[in-house]
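Asker: Okay, handing you the structure first.
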DNA sequence: CTGAAAGCGCTTACAG
DNA sequence: CTGAAAGCGCTTACAG
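Residue numbers (UniProt numbering), protein chains in the order written: chain A, 1 to 334; chain B, 1 to 334.
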């Protein structure tokens, strides 16, 4: 069943049928009704590939999500997908490895002419290199700031990671903690982890504590397993620690599990805080105090910015979404 | 940059270029080399939409995942994606609501001619109705058995939910539990929850306990929140319960949280077991005893069956993947 | 308001 | 082994 069949069946030409399908003006009410009826009856759906070929590209909004075990991203993905489908956008999702190359992935979709816009859920800015010249469709990076990139088609939305992390550390020092170890991503100035690292440093310093990277910071992937292993290594060193900052809730969960396995209690022996404010932080035992990222804002603004790009081709914008500390039961005063 | 440009640049015709691109025989080594070199230099990528139009359909394997907060599905998705990309398949993922209509979603991809095959991650068989006539591409349903459907293009892989659930209940009764409440999905004979429900029943009966649906089974969505609320309601009833079976790890987590919030302890006051064997069950405090589904097997067999369909168009198969109990710290003897 | 025709960028018989 | 041509199913000026 093609547009040609519908034309024949309706007695009109394929041009008129096409106009009806695409809700274009310049068709008599009579023709529209008749054609619509026939389309309805025959269950006709235009061939997407032909349309995309003719239109020189698809109209799918592609979401590239980095990391498969990231419930924080999943929660954002959930919101974004919902918002986009309310706008009747066709959305497709690609999930790549935490260490994957999101730009290479995005390029595929551009070359393949299927996507009209891309949302990156997580990003390593180091990968946003000269290949971006080819990536000439609207993009939004969610949860990482793309401000310094200064590409005119790449907007971004994220929380102020530096400030949020600083506040998280200060929260602990406010409870009297001095021996704090922070566990977060590899420190590269092109990654989100770097802002958080700077935030840690500031948090320590503002609280009058010295920040020694070797002592106070441990690189750790954002997973339960990594949080567990890193904490285990820390505990084996047998140094005095009263609080651990996991720069994701997954790390915090792994940390708590490792502490318990070492025969200690959270928060009685060691306090633990997380980052992201994902659902598990509210359902873990003990509830985990976590720096919550405003998932709704991130999703909403990401979609808004993308739509702006798509419809008005304005310059790009870089927004902050709110963060706020969610208190749980995993911190005690020392 | 099109195939025409490559033809001009290389001095050959577009037919020859096309043959080179598609690795078809009947091209001289000389021509192949020259054309390949030019394609390389110009960074040319054939227009996917034109190819798909010509070939009467895309070659994407589409995965339709039901439910956005399902880390069990995410873990399977992870494996399947990996396996498919090792086979150099193009894969795309659609995430729909837990209560969404996966068949309607699949139909979109068929009508749109983008997918060559579909993997359903989770399914409500009630939706697999006469619309399936139109869904005439290879399909695999993962985690739900599609055996009774008897469509010749729909294979399936899942654990033996009935037996697994029975064993889970028996595990508890083996530890002396008699007052057991099971929390699982709505009981409809077209859903996975039904097999598990039957398994419960069997487990009770085989242990010499009466199974009263009103007393021993509570319908509950597969989420932390639902597990929490359902358990809260249960505890408020103030009936004697020594063990709760959550038919997903998320339900079990919610249950534990609710029990703790009621001032009781797991497993001291109430034992809790989960289902799925997801990562969180191993990192929760206490570690949750859970009926593990063999994620690797499910993923591997799903991909194998799909490939069989795609390449040999054999009849469909319905496979069981292994299940095995993972003991944690959430059960005590009574 | 409507239709005939060109053309999007490929693939694939067909003829050489 | 190679090229010219038809055609996949649409959209969109263009002419009427």
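Beta carbons are placed, not taken as given, at the ideal position from N, Cα and C, and that holds for glycine.
1) Note down the Cα distance separating residue 16 (chain A) from residue 41 (chain A), rounded to an integer number of angstroms.
2) Going by other Cβ atoms of all chains shown within 10 Å of its Cβ, with 16 needed for buried, is residue 47 (chain B) buried or exposed?
3) On the criterion of 16 or more Cβ atoms from any shown chain inside 10 Å, does residue 301 (chain B) qualify as buried, or is it exposed?
4) Identify whether residue 345 (chain B) lies in helix, strand or coil by the three-state DSSP scheme.
5) Check residue 302 (chain B) in the structure and name its three-state DSSP category.
6) Taking DSSP's pairing of strands, which residues face residue 324 (chain A) in a bridge?
7) What did DSSP end up calling residue 161 (chain A) once you bin it into helix, strand or coil?
8) Would you list the one or two residues that DSSP bridges to residue 276 (chain A)?
9) Between which two residues does the alpha helix (DSSP H) holding residue 222 (chain B) run?
10) Is there a Cβ from chain A that is less than 9 Å from the Cβ of residue 2 (chain B)?
11) Where does residue 94 (chain B) fall in DSSP's three states?
12) Can you pull the chain B residues whose beta carbon is under 9 Å from the beta carbon of residue 131 (chain A), in chain order?
13) Taking C-beta pairs closer than 9 Å, name the residues in chain A that residue 69 (chain B) reaches, listed in chain order.
14) Would a check of beta-carbon distances place residue 26 (chain A) closer than 9 Å to chain B?
15) Mind checking which residues open and close the alpha helix (DSSP H) that includes residue 20 (chain B)?
16) May I ask you to report which of helix, strand or coil DSSP gives residue 183 (chain B)?
17) In chain order, which beta strand (DSSP E) runs of at least 3 residues are fully inside the stretch 204 to 264 of chain A?
18) Work out the CA separation of residue 107 (chain B) and residue 24 (chain A) for me, nearest whole Å.
19) Counting contacts by CB-CB distance shorter than 9 Å, is residue 245 (chain A) in contact with chain B?
20) Can you name the residues that DSSP bridges to residue 155 (chain B)?
21) Which stretch, first to last residue, makes up the beta strand (DSSP E) that contains residue 109 (chain A)?
22) Does the beta carbon of residue 322 (chain A) come closer than 9 Å to any beta carbon on chain B?
23) In three-state terms, what does DSSP make of residue 121 (chain B)?
24) Have a look at residue 27 (chain A) and residue 6 (chain A) and give me their C-alpha separation to the nearest angstrom.
25) Using a Cβ cut-off of 8 Å, pull out every chain B residue sitting near residue 92 (chain A), in sequence order please.
26) So the beta strand (DSSP E) residue 64 (chain A) belongs to, where does it begin and stop?
27) In chain B, which residues lie with their C-beta within 7 Å of the C-beta of residue 253 (chain A)?
28) Compare the C-beta of residue 81 (chain B) against all C-beta atoms of chain A and say whether one is closer than 9 Å.
29) Note down, in chain order, each residue of its chain lying with its Cβ closer than 8 Å to the Cβ of residue 310 (chain B), except the 5 sequence neighbours on either side.
30) Residues in the stretch 43 to 55 of chain A with C-beta within 7 Å of chain B's C-beta atoms, listed in sequence order?
31) May I ask you to list the residues that DSSP assigns as paired with residue 115 (chain A)?
32) Would you kindly work out how many angstroms separate the C-alpha atoms of residue 194 (chain B) and residue 182 (chain B), rounded to a whole number?
33) Quick one, which of B:273, B:287 and B:226 has its alpha-carbon nearest residue 328 (chain B)'s?
34) In chain order, what residues of the same chain have a beta carbon less than 6 Å from the beta carbon of residue 68 (chain B), not counting five sequence neighbours either side?
35) Any beta carbon of chain B sitting closer than 9 Å to that of residue 171 (chain A)?
36) List, in chain order, every chain B residue whose beta-carbon is nearer than 8 Å to that of residue 58 (chain A).
Answerer: Once the coordinates are examined:
1) 18 Å
2) buried
3) buried
4) It is not possible to answer for residue 345 (chain B), since the shown part of chain B is limited to 1 through 334.
5) helix
6) A:292
7) Reduced to three states, the DSSP call for residue 161 (chain A) is helix.
8) A:292
9) Where residue 222 (chain B) is concerned, there is no enclosing alpha helix (DSSP H), given that its DSSP letter is neither H nor E.
10) With a threshold of 9 Å between beta carbons, residue 2 (chain B) makes no contact with chain A.
11) strand
12) Here the premise fails: no neighbours, minimum Cβ distance about 10 Å.
13) 71, 74, 75, 78 and 279
14) no
15) Looking at the DSSP string, the run of the alpha helix (DSSP H) that includes residue 20 (chain B) is 14 to 21.
16) strand
17) Runs found: 217 to 219 and 243 to 246.
18) 26 Å
19) Not closer than 9 Å to any Cβ of chain B, the Cβ of residue 245 (chain A) fails to qualify, so no.
20) Listed as beta-bridge partners of residue 155 (chain B) by DSSP are B:140.
21) First-last for residue 109 (chain A): 102 to 111, but that is the alpha helix (DSSP H), not the beta strand (DSSP E).
22) The Cβ of residue 322 (chain A) sits no closer than 9 Å to any Cβ of chain B.
23) strand
24) 15 Å
25) 92, 93 and 94, listed in chain order.
26) 60 to 66
27) 283
28) yes
29) 116, 117 and 138
30) 45, 47, 48, 49, 50, 52 and 53
31) A:60
32) 13 Å
33) B:287
34) 95
35) no
36) 49
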